[in-house]
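**Student:** Handing you a structure now.
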Amino acid sequence: MSTAASTASGEFAEWRSAGNPWLIAIAVMTATFMEVLDTSVANVALQHIAGSLSVSPDEATWVLTSYLVSNAVILPATGWLGRYFGRRRFLIACIGLFTFASALCGLADSLGMLIIARILQGIGGGALQPVSQAVMLETFPPEKRGISMSVYSIGVIAAPILGPTLGGWLTDDYSWRWVFYINLPVGVFAIIMCLLFLEDPPYLRSAKHQRIDFIGFGLLVIWIGCLQILLDKGQDEDWFSSMFIRWLAAGASAGLLVFLVWEFKAKHPIVNLRILRDRNLLIATVLMFVVGAILYSTTAVLPRFLQTLLNY
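Read in order, the letters of the sequence shown are residues 797 to 1108 in our numbering.
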């Protein structure tokens, strides 16, 4: 194991893509920007989606939550999937799935179809950020990684900020369906750029495939799914006075507890929690969790507050 790791790290240090690194950066940044944008671009269109599909605004929030849940569930498996299928092939497939699902979202004539399309969109989009970051780190030499990741971070931060503004403009001037159709040319462009300039490093092509932690993945789906439904439907069901909510809370708590125990004992965990022993990584992870909670809760709640209570 240590020999394989040292060999991989040595090849990682020596190998560089033959293509222009900034063209590769444009390819992966375009895909990531598109994915992050979709976490907030549909927020302001919920009222229009609810009216168009004849559902309540509360039911329309599943358009947001279905995307975020599927995105969060698939994300831990991206490392294994990238190694198994090849990072280039996997990234292109994810962009293709995301783009195809965006077209289905625009064509949806019912809330059920839209939610299914958003789940597919989340599955395709969940891998884009981690795979893009890995590509960026391997493409640029150590002395240029700082500036390259800074440029990458600007796109990641700008996307959720631009999302509500862009979504509002498209919804008011055209239709809520264009909130999803806008991804089609961007996705095609990203696929073409990846086909032309992206390649897998030699150590990844020759790497042995590890078994995926199916039990850990299943537990992850259970506790995240139960928690998300609990938070989404709790107010409608009067929280813990409802037996349904109590069962969801029990499922989320038990699922999380068993998940943590299993992941610490598993030989190849789907989420390697042992790395959080690094205090710097732990602090950074907690801070990113807080920032994400503030950012995404604000972009989800504020548009509905302005539209329903302030009549914007």
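Think of the CB as a built atom: it goes at the ideal place given N, C-alpha and C, for glycine as much as any other residue. Quick caveat: nothing in here was measured; it's all calculated off a predicted structure.
Using only CA atoms, which one of Met-830, Ile-987, Val-824 and Asn-816 lies nearest to Ile-978?
**Tutor:** Nearest C-alpha to Ile-978: Met-830.
**Student:** Would you give the residue range spanned by the alpha helix (DSSP H) that Arg-1061 belongs to?
**Tutor:** With the sequence shown as reference, residue 1061 is identified as Lys, and Arg is not the correct amino acid for it. Run containing Lys-1061: 1039-1061, per the alpha helix (DSSP H) assignment.
**Student:** Cβ of Val-1082 versus every heavy atom of the ligand SAM: is any distance shorter than 7 Å?
**Tutor:** Within the structure as shown, the ligand SAM is missing, as the structure has no ligands at all.
**Student:** What would DSSP say about Val-837, mapped onto helix, strand or coil?
**Tutor:** Three-state DSSP puts Val-837 in coil, outside helix and strand.
**Student:** Could you check what DSSP says for Gly-882 in three-state terms: helix, strand or coil?
**Tutor:** Three-state result, Gly-882: coil.
**Student:** Considering Cα atoms alone, identify which of Ile-1041, Ile-820, Pro-937 and Asp-969 is closest to Ser-928.
**Tutor:** Nearest option by C-alpha distance: Ile-820.
**Student:** Sorted by chain position, which residues of the same chain lie with C-beta nearer than 7 Å to Val-975's C-beta, five sequence neighbours on each side aside?
**Tutor:** The answer, listed in chain order, is Val-837, Ala-838, Ala-841, Gly-963, Leu-966 and Thr-967.
**Student:** With a threshold of 7 Å on Cβ separation, who are the neighbours of Ile-1018 within its own chain once the five nearest residues in sequence on each side are excluded?
**Tutor:** Hits under 7 Å: Gly-1047 and Gly-1051.
**Student:** What separation, rounded to the nearest whole angstrom, lies between the Cα atoms of Ala-923 and Tyr-880?
**Tutor:** Going by the C-alpha atoms only, they are around 14 Å apart.
**Student:** Taking the C-alpha atoms as reference points, what is the distance between Gly-920 and Gly-983?
**Tutor:** Spanning the two alpha carbons is a distance of roughly 11 Å.
**Student:** Measure the beta-carbon distance from Gln-917 to Asp-834 and round it to whole angstroms, keeping in mind my assumption that it falls under 8 Å.
**Tutor:** Contact flag correct, Cβ pair sits at about 7 Å.
**Student:** What is the rounded straight-line gap between the Cα of Glu-855 and the Cα of Ala-846?
**Tutor:** Looking at the two C-alpha atoms, the distance is approximately 8 Å.
**Student:** Roughly how many angstroms separate the alpha carbons of Glu-995 and Thr-895, rounded to a whole number?
**Tutor:** For Glu-995 and Thr-895, the distance between alpha carbons rounds to 21 Å.
**Student:** Our contact map puts Ile-822 next to Met-989 with C-beta atoms below 8 Å; I'd like the distance itself, whole angstroms only.
**Tutor:** Right, their Cβ atoms sit about 6 Å apart.
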